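Residue numbers (our numbering): 16 to 69.
Built from N, CA and C at the ideal position, the CB exists for glycine as well.
Nothing here was measured: the structure is a model prediction, and the numbers come from that model.
Down below is the structure, laid out as structure tokens.
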Amino acid sequence: MLDGPAVLGGVVGWMAWGGWLGAGLGVLVGVAGELIIGPAAIALRALVKQMSGR
């Protein structure tokens, strides 16, 4: 679960808000962003494939 966006969010949160609370918020934002962006990227890729006729 803790991969790229979550770890990056944690680091940014730590630096932005300071301490463990900021890191926790950053991880939550990173995970939420990944859950939203992941399926959207897959759907967009499928749409582009369909439009190009492959």
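Handout entry: Straight-line gap, Gly68 to Pro20 (C-alpha atoms, nearest Å)
Key = As a position in the sequence shown, residue 68 is number 53, starting the count at 1. As a position in the sequence shown, residue 20 is number 5, starting the count at 1. If you take the alpha carbons of Gly68 and Pro20, they lie about 32 Å apart.
Exercise for the section: Would you kindly check if the distance between the Cβ of Gly28 and the Cβ of Val44 is under 9 Å? Expected result: On the sequence shown, position 29 is the one that residue 44 refers to. On the sequence shown, position 13 is the one that residue 28 refers to. Contact: yes.
Practice task
For Met30, count neighbouring Cβ atoms within 10 angstroms of its own Cβ and tell me buried if that reaches 16, exposed if not.
Solution key: The sequence position of residue 30 within the sequence shown is 15, counting from 1. Exposed, by the Cβ-count rule.
Problem - Beta-carbon proximity of Gly41 to Gly25, cut-off 9 Å - result: Start at 1 with the first residue of the sequence shown, and residue 41 comes out as number 26. Start at 1 with the first residue of the sequence shown, and residue 25 comes out as number 10. Yes, they are a contact pair.
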